[in-house]
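Colleague: One structure, as structure tokens, below. Some questions next.
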Amino acid sequence: MKMKNMSMYNTQLSKRRPSTHCTRRERHKRLLLKRLAVLRALCPNTLMERQREGTTVVRKSVQAIGIIALVRIVKKNPFKNVGEIHKEWTAAGVSASRSTTKRRLKDMGFNCRIPRVKPLLTKKQREKRLTWAKEKKSWTAAEWSKVMFSDESKFCISFGNRGPRVWRRTGEAQDPRCLKSSVKFPPSVMVWGAMSSAGVGPLCFLRSRVNAAVYQQVLEHFMLPAADLLYGDGDFKFQQDLAPAHSAKSTRAWFTDHGISVLNWPANSPDLSPIENLWGIVKRKMQNARPKNAEELKATIGATWALITPEQCQKLMDSMPRRINAVIEAKGAPTKY
1 MKMKNMSMYN TQLSKRRPST HCTRRERHKR LLLKRLAVLR ALCPNTLMER QREGTTVVRK
61 SVQAIGIIAL VRIVKKNPFK NVGEIHKEWT AAGVSASRST TKRRLKDMGF NCRIPRVKPL
121 LTKKQREKRL TWAKEKKSWT AAEWSKVMFS DESKFCISFG NRGPRVWRRT GEAQDPRCLK
181 SSVKFPPSVM VWGAMSSAGV GPLCFLRSRV NAAVYQQVLE HFMLPAADLL YGDGDFKFQQ
241 DLAPAHSAKS TRAWFTDHGI SVLNWPANSP DLSPIENLWG IVKRKMQNAR PKNAEELKAT
301 IGATWALITP EQCQKLMDSM PRRINAVIEA KGAPTKY
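Oh and the sequence shown: position 197 is 197 in full-length UniProt numbering, straight run, nothing missing.
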């Protein structure tokens, strides 16, 4: 009886095996198709496909596992150069040249770009930014129009990373007319400015390091005239960042004595201030200028600042709700602004 039962068990088991074996093949096939789908999504231009008896042939050098490994390398540290990426990729067992590595990166949509610079935020700062954004989320355009934004910015006599270009023939590289003189410490000026939805206030060119005493002089002789120009006798709130001179005890006393309300502001939040973008507009307009010294640089800045229109300022102020929503969506992290 036992032998009969054992025989029946073996017979049933043998009948199941083909079914199990078939399932494994199907799973393997589905896994392969999934990997190919990932490869097509990541790198569509690298697949060399051709029909051969109903099957897709893929070159071994661009197997999905190799492409996925390359993506992981880049995602792990996007600041590596091509040489470092190629070295790590080939160390993982992939056979590819440096130029092939570069092509694969391009095929997958990776391009070498200059990284955007954003402030380093602590967890506490991110939380404060998020809280601030939620508090200001319901503010209307009329409320933002009563805020005067202020900031300092540094202007240098420079023309980008490589400087101006020169037209020359072969052999003229050392021609004095084609040379650009270098300066170890190029002339620069620090500028204070203010804006609202009504336009811009007068510029202040700072001659020394800004401490509390210097900053209060700026407020007295430039911020108050800006308030008269932009608001007349109307009420307004003054915005400033949390620089030491701005948040000093004596500066807070100055605001109290003059009856000026200061907008509470989260630390390291230039992306929330539209005047930061206004400085960018001024600097872009000055790209073709060629000031030779600090005085010419000041004159160029002043002339360019005077061309800023109320419409430009209004457009920047209209972005405040979007900036706030971006901070909320980023949970306090830096945004694109």
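Glycine included, C-beta positions come from ideal geometry on N, C-alpha and C.
With distances taken from CA atoms, which of Ser150, Arg207, Ala64 and Ala243 is nearest serine 196?
Modeller: Ser150
Colleague: For the segment 101-160, list the alpha helix (DSSP H) runs that are entirely contained and at least 4 residues long, ordered along the chain.
Modeller: 123-136 and 141-144
Colleague: Contact check, leucine 121 vs alanine 330 under 8 Å by CB: the rounded distance?
Modeller: Not a contact, Cβ separation roughly 10 Å.
Colleague: Bridge partners of phenylalanine 205, per DSSP?
Modeller: Val191
Colleague: Just reading off the beta strand (DSSP E) that glutamine 216 is part of, what are its end residues?
Modeller: Taken as a continuous stretch (DSSP letters only), glutamine 216 belongs to no beta strand (DSSP E), being part of the alpha helix (DSSP H) at 212-218.
Colleague: Would you kindly check if the distance between the Cβ of glycine 193 and the Cβ of isoleucine 85 is under 9 Å?
Modeller: For isoleucine 85 and glycine 193, no; Cβs fall outside 9 Å.
Colleague: Rounding to the nearest angstrom, what Cα-Cα distance links aspartate 318 and glycine 93 in this structure?
Modeller: Aspartate 318 and glycine 93: Cα-Cα distance of roughly 54 Å.
Colleague: Name the residue from Tyr337, Arg129 and Pro244 whose alpha carbon lies nearest to the alpha carbon of glutamine 216.
Modeller: Pro244
Colleague: With H, G and I counted as helix, E and B as strand and the rest as coil, what does DSSP make of phenylalanine 238?
Modeller: DSSP places phenylalanine 238 in strand when its eight states are reduced to three.
Colleague: Note down, in chain order, each residue of its chain lying with its Cβ closer than 6 Å to the Cβ of glutamine 51, except the 5 sequence neighbours on either side.
Modeller: Reliability of the predicted coordinates at glutamine 51 is poor, the pLDDT of 39 falling under 50, and the value obtained from them is presented with this limitation in mind. None.
Colleague: Taking the CB atoms as reference points, tell me whether leucine 229 and valine 218 lie closer together than 9 Å.
Modeller: no
Colleague: To which residues of the same chain is alanine 69 closer than 6 Å at the C-beta, ignoring the five residues directly before and after it?
Modeller: Scanning its chain for C-beta atoms nearer than 6 Å, with the 5 sequence neighbours on each side dropped, one finds around alanine 69 the residues Ala92, in chain order.
Colleague: Could you spell out where the alpha helix (DSSP H) holding glutamine 312 opens and where it closes?
Modeller: Unbroken alpha helix (DSSP H) run through glutamine 312: 310-317.
Colleague: Using 10 angstroms around the beta-carbon of lysine 249, count the other beta-carbons present and answer buried if the total reaches 16, otherwise exposed.
Modeller: So lysine 249 counts as exposed.
Colleague: In terms of alpha-carbon separation, which member of Asn268, Lys285 and Ala303 lies closest to glutamine 126?
Modeller: Contrary to the premise, residue 126 reads as arginine rather than glutamine in this sequence. Ranking the options by Cα distance to arginine 126, first place goes to Asn268.
Colleague: Given 8 Å as the limit, tell me if lysine 237 has its C-beta closer than that to any heavy atom belonging to the ligand NAP.
Modeller: The ligand NAP is not part of this structure, which contains no ligands at all.
Colleague: Indicate whether threonine 309 and glycine 199 have their beta-carbon atoms separated by less than 9 Å.
Modeller: yes
Colleague: Taking its Cβ as the centre, do 16 or more other Cβ atoms sit within 10 Å of glycine 201, making it buried, or is it exposed?
Modeller: The residue in question, glycine 201, is buried, as its Cβ has 16 or more Cβ neighbours within 10 Å.
Colleague: Taking all protein chains shown into account, decide if threonine 335 is buried (16 or more other Cβ within 10 angstroms of its Cβ) or exposed.
Modeller: buried
Colleague: Buried or exposed: which applies to glutamine 133, given that a residue is buried once 16 or more other Cβ atoms fall within 10 Å of its Cβ?
Modeller: The identity of residue 133 in the sequence shown is alanine, whereas the question assumes glutamine. Buried is the call here.
Colleague: Could you tell me the distance, in whole angstroms, from the CA atom of valine 58 to the CA atom of isoleucine 67?
Modeller: For valine 58, the pLDDT reaches just 44, beneath the cut-off of 50, and the residue's location in the model is therefore unreliable, although a value from the coordinates is still provided. In a straight line, the C-alpha of valine 58 is about 13 Å away from that of isoleucine 67.
Colleague: Hey, how far is the Cα of threonine 46 from the Cα of leucine 263?
Modeller: Residue placement at threonine 46 is poorly supported in this model, since its pLDDT is 44, which falls under 50; the coordinates are not used for a value here.
Colleague: From the DSSP output, read off the bridge partner residues of glycine 199.
Modeller: Ser196
Colleague: For the alpha helix (DSSP H) containing isoleucine 324, list its first residue and its last residue.
Modeller: Note, isoleucine 324: alpha helix (DSSP H), 320-329.
Colleague: How long is the line joining the alpha carbons of serine 138 and threonine 90, rounded to whole angstroms?
Modeller: 54 Å
Colleague: For the putative contact between glutamine 239 and valine 117, defined by C-beta atoms under 8 Å, what is the C-beta separation to the nearest angstrom?
Modeller: With 8 Å as the limit, glutamine 239 and valine 117 do not qualify as a contact, their Cβ atoms being about 22 Å apart.
Colleague: Would the beta-carbon of glycine 83 fall within 9 Å of that of arginine 98?
Modeller: yes
Colleague: Taking only the alpha-carbon atoms, compute the straight-line gap between arginine 323 and threonine 23 and give it to the nearest angstrom.
Modeller: One C-alpha to the other measures close to 53 Å.
Colleague: Start and end of the alpha helix (DSSP H) containing histidine 86?
Modeller: 82-91
Colleague: Please list the terminal residues of the continuous alpha helix (DSSP H) segment that includes threonine 304.
Modeller: 294-306
Colleague: Taking DSSP as the reference, what is the three-state secondary structure of valine 262?
Modeller: strand
Colleague: Pick out whichever of Lys237, Glu88 and Val282 has its Cα sitting closest to the Cα of tryptophan 265.
Modeller: Lys237
Colleague: Is serine 269 helix, strand or coil when you go by DSSP?
Modeller: Note: serine 269 maps to coil in three-state DSSP.
Colleague: Since valine 74 is in the alpha helix (DSSP H), which residue starts that stretch and which ends it?
Modeller: 64-76
Colleague: Assign threonine 251 to one of three DSSP states: helix, strand, or coil.
Modeller: Helix.
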